[in-house]
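Structure record follows, encoded as structure tokens.
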Amino acid sequence: MDPDAIRAVKRVSHGSSDDPHILDFSANTNPLIPDGVTDVYMSALHDARTYPPEPPTAYRAAAADFAGCEADQVVPTPGGLAAIRLAIETTVQPSDSVLVPAPSFAEYTREVRLQGADPVFVTHDAIPDTDPSEYALAIVCNPNNPTGECYDAERLRSFAASCREAGTPLLVDEAFLGFTDQPSLAGTPGVVVARSLTKLFGLPGLRAGFAVATGTLLDELVAARRTWNVGRPALDVGTYCLEREEFVSETRQRVAEERERMRDTLSGHYEVHASDAPFLLLDVGGRNIAALVEAVRERGIAIRDATTFRGLDSHIRVAVRLSKENDRLLEVLEDV
127 MDPDAIRAVK RVSHGSSDDP HILDFSANTN PLIPDGVTDV YMSALHDART YPPEPPTAYR
187 AAAADFAGCE ADQVVPTPGG LAAIRLAIET TVQPSDSVLV PAPSFAEYTR EVRLQGADPV
247 FVTHDAIPDT DPSEYALAIV CNPNNPTGEC YDAERLRSFA ASCREAGTPL LVDEAFLGFT
307 DQPSLAGTPG VVVARSLTKL FGLPGLRAGF AVATGTLLDE LVAARRTWNV GRPALDVGTY
367 CLEREEFVSE TRQRVAEERE RMRDTLSGHY EVHASDAPFL LLDVGGRNIA ALVEAVRERG
427 IAIRDATTFR GLDSHIRVAV RLSKENDRLL EVLEDV
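In the numbering used here, the protein residues as written are 127 to 462.
Okay, here's the thing in structure tokens:
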């Protein structure tokens, strides 16, 4: 990490409200968690009196089955963002150029700049058509945050092949891919995949995730990863959650149905982007975004001011939650 860059780089804005009286549509986390998580956590808390296993084989095996790769390709991390940082700090050097999608997750830019490197912004849906040969690293978010759409699987694999031929590593952030039935790029040569348990399993405070890579990229991630970087409760709960196939299937179906219902209703008032993710991006036209966000909050609901994303100046983002909660959001957004 570049010392000069550390002093210059600022924090970025995110959704999420910790007000218990606010219904939070600003963060894209599952409002449900798998049954049995509390018991697993309490048992793991007792086991936390000793260091966690190193390497954490059970967690790696569950992550591999979930992502569709080999267990020895999994690098455990305390959340998806930690996997992103690990990938960037092992591939990027000061003065490098990095291909970054826009609008997209702002932490990519922050992490690139922390290395003293320069982000080069390309419209997110044009990234797969970009020549990667001039860059030290290329980044994509699939499905993209905040727009919500997945890349065509074959198009993305073709871009991964182009990156491989150019000798440019490709970082694919799949934080929301678990909400879809789209295939992962985990285990693809030349690719580092970053996965998060935060969103799908509704446990953002647990801080559990993983990276997947092969070859030299994997060797470098393993070498740079801190020993015991994921605590015992996160490992045990994460392992348990990754094995809950029925929970994942039910979540995908619920989110897909509710998302389309919300989109149909909201389309009568706003321009709503197509989405494969557990959120919707709304273009509200000439409305004052700050005033709209505040008006909705006064009704007890938090929504995401999406103008903090590069290139968006008239947008909000709303999560897909449970049916009755979504009804309340729709009622408020129609009213304001």
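The beta-carbon is built from N, C-alpha and C at its ideal position, and this holds for glycine as well.
Since we're looking at a predicted model, the values are computed, not measured.
Under 8 Å between C-beta atoms of residue i and residue j
i: R387; j: S401; result: no
i: R281; j: P254; result: yes
i: L149; j: R389; result: no
i: F327; j: C267; result: no
i: V224; j: P245; result: yes
i: V446; j: F336; result: no
i: N156; j: T434; result: no
i: R211; j: V135; result: no
i: S395; j: E291; result: A quick correction: the sequence has His, not Ser, at residue 395. No, they are not a contact pair.
i: A264; j: G206; result: no
i: G411; j: P229; result: no
i: V319; j: A170; result: no
i: G358; j: A184; result: In the sequence on display, residue 358 carries Arg and not Gly. For R358 and A184, no; Cβs fall outside 8 Å.
i: A428; j: S152; result: yes
Length of the line joining the Cα atoms of residue i and residue j
i: V363; j: T340; result: 26 Å
i: H441; j: T273; result: 10 Å
i: D161; j: L332; result: 16 Å
i: H172; j: P178; result: 11 Å
i: A189; j: K450; result: 32 Å
i: P404; j: T294; result: 31 Å
i: L303; j: S375; result: 13 Å
i: D251; j: Y277; result: 8 Å
i: N270; j: V248; result: 13 Å
i: P129; j: E383; result: 48 Å
i: T216; j: L329; result: 27 Å
i: R380; j: H399; result: 19 Å
i: D222; j: G242; result: 8 Å
i: P182; j: F373; result: 23 Å
i: A334; j: P204; result: 5 Å
i: E196; j: V462; result: 50 Å
i: G426; j: A208; result: 32 Å
i: N154; j: S259; result: 34 Å
i: M168; j: L361; result: 13 Å
i: A232; j: P146; result: 26 Å
i: A350; j: I214; result: 11 Å
i: T391; j: T306; result: 22 Å
i: E397; j: E275; result: 15 Å
i: L323; j: V338; result: 14 Å
i: D144; j: V226; result: 30 Å
i: T342; j: D191; result: 22 Å
i: E346; j: L408; result: 40 Å
i: L296; j: A279; result: 15 Å
i: M127; j: E237; result: 9 Å
i: V458; j: N452; result: 10 Å
i: R186; j: V348; result: 13 Å
i: D198; j: L406; result: 36 Å
i: V166; j: I159; result: 12 Å
i: L456; j: L311; result: 35 Å
i: T365; j: E180; result: 15 Å
i: R137; j: T235; result: 11 Å
Burial state of residue i (16 or more Cβ within 10 Å)
i: K325; result: buried
i: T176; result: exposed
i: N414; result: exposed
i: R443; result: buried
i: I132; result: exposed
i: D299; result: buried
i: D439; result: exposed
i: R321; result: buried
i: L344; result: buried
i: R370; result: buried
i: D431; result: buried
i: L448; result: exposed
i: S393; result: exposed
i: T164; result: exposed
i: A262; result: buried
i: P202; result: buried
Heavy atom of the ligand SAH within 7 Å of residue i beta-carbon
i: L456; result: Inclusion of the ligand SAH in the displayed structure is not the case, the ligand content being empty and no account of it being possible.
Legend entry - Secondary structure, alpha helix (DSSP H): runs of 4+ residues fully inside the stretch 213–281: Listed in chain order, the alpha helix (DSSP H) runs fully inside the stretch 213–281 are 233–240, counting runs of at least 4 residues.
Inset, instruction - Let me know the beta strand (DSSP E) ranges lying completely inside the stretch 174–214, each 3 residues or longer, listed in chain order. - result: DSSP assignment within the stretch 174–214 yields the following whole beta strand (DSSP E) runs of 3 residues or more, N-terminal first: 200–203.
Legend entry - Continuous beta strand (DSSP E) assignments of at least 3 residues falling wholly in the stretch 366–439: Restricting attention to beta strand (DSSP E) runs no shorter than 3 residues, the stretch 366–439 encloses them at 405–409, ordered along the chain.
Legend entry - Meets three-Cβ-pair contact criterion under 8 Å: the stretch 285–302 and the stretch 312–321: As far as the Cβ criterion goes, the stretch 285–302 touches the stretch 312–321, which means the pair count is three or higher.
Inset, instruction - Check whether the stretch 348–362 touches the stretch 409–429, counting contact only when three or more Cβ pairs, one atom from each stretch, lie closer than 8 Å. - result: Per the Cβ contact rule, the stretch 348–362 is not in contact with the stretch 409–429 (fewer than 3 Cβ pairs under 8 Å).
Inset, instruction - Only counting runs of 4 or more residues, tell me where the alpha helix (DSSP H) segments fall wholly within the stretch 270–353, in order along the chain. - result: Taken in chain order, the whole alpha helix (DSSP H) runs of length 4 or more contained in the stretch 270–353 are 279–292, 341–350.
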